[in-house]
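Below is one structure; the comments refer to it alone.
In this note's numbering, the protein residues as written are 23 to 190.
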């Protein structure tokens, strides 16, 4: 997901004419998930993201609203595990921003750890790929491939290949 800062326009109106144009800035990211028992102060410190400094967002703290550093969700989808394969029962991360590079915080079946996401790039793998490469797996999904290339099945393994972008 690519999250961009956007602006909303709120309009106050009367039965006869429009008045009071107000521009509300919505900053990228998501408010951090709060546990129900973790209530913040019952004070309204902000009402919109534009009330907050830098990249902070105006978020509910369970009782009021305050400026908080947002969680940023990185693009891609966590890879699906194949039960009953489980990773270590350790919480190595709690959100994507805890992970380096393009990795996401994903469930491993017993805990959470940073993993390379599964990303599907646009285009279609060629229907039949004839190639003279050695039998090998040079990629496992599109994120392993440079630029616009996709990870495609060949006659002998998976390789990064320029996709077909036209209509099928």
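Just so you know, even glycine gets a beta-carbon here, dropped at the ideal spot from N, CA and C.
Keep in mind it's a predicted model, so treat the numbers as computed, not measured.
For residue 53, report the span of its beta strand (DSSP E) as first-last. Taken as a continuous stretch (DSSP letters only), residue 53 belongs to no beta strand (DSSP E), as it is neither H nor E.
How is the beta strand (DSSP E) around residue 147 delimited, first residue to last? It is not in any beta strand (DSSP E) - residue 147 carries neither H nor E in the DSSP assignment.
At a cut-off of 7 Å, would you count residue 130 as near the ligand ATP, judging by its Cβ distance to the nearest heavy atom? With respect to the ligand ATP, the structure shown offers nothing to examine, as it has no ligands at all.
Residues bridged to residue 179 [DSSP beta-bridge criterion]: Looking at the DSSP output, residue 179 shares a beta bridge with 158 and 176.
Tell me the start and end of each unbroken beta strand (DSSP E) in the region 72–106 that is at least 3 residues and wholly inside, in chain order. 79–82 and 87–90
Check for me: the beta strand (DSSP E) holding residue 69 runs from which residue to which? Counting along the chain, residue 69 falls outside any beta strand (DSSP E), and DSSP gives it neither H nor E.
Taking only the alpha-carbon atoms, compute the straight-line gap between residue 82 and residue 118 and give it to the nearest angstrom. Cα to Cα, the separation comes out at about 20 Å.
Helix, strand or coil for residue 129 per DSSP? strand
Less than 8 Å between the CB atoms is what I'm expecting for residue 163 and residue 185, so what's the real figure, rounded? Contact doesn't hold; Cβ gap of about 13 Å is too wide.
Is the beta carbon of residue 93 less than 8 Å from the beta carbon of residue 62? In this structure, residue 93 sits away from residue 62, with a CB-CB distance that is not shorter than 8 Å.
Other residues of its chain near residue 90: CB distance less than 7 Å, five sequence neighbours each side excluded: 53, 54, 78, 79 and 81
Going by DSSP, what residue range makes up the beta strand (DSSP E) through residue 137? Start and end: 134–137.
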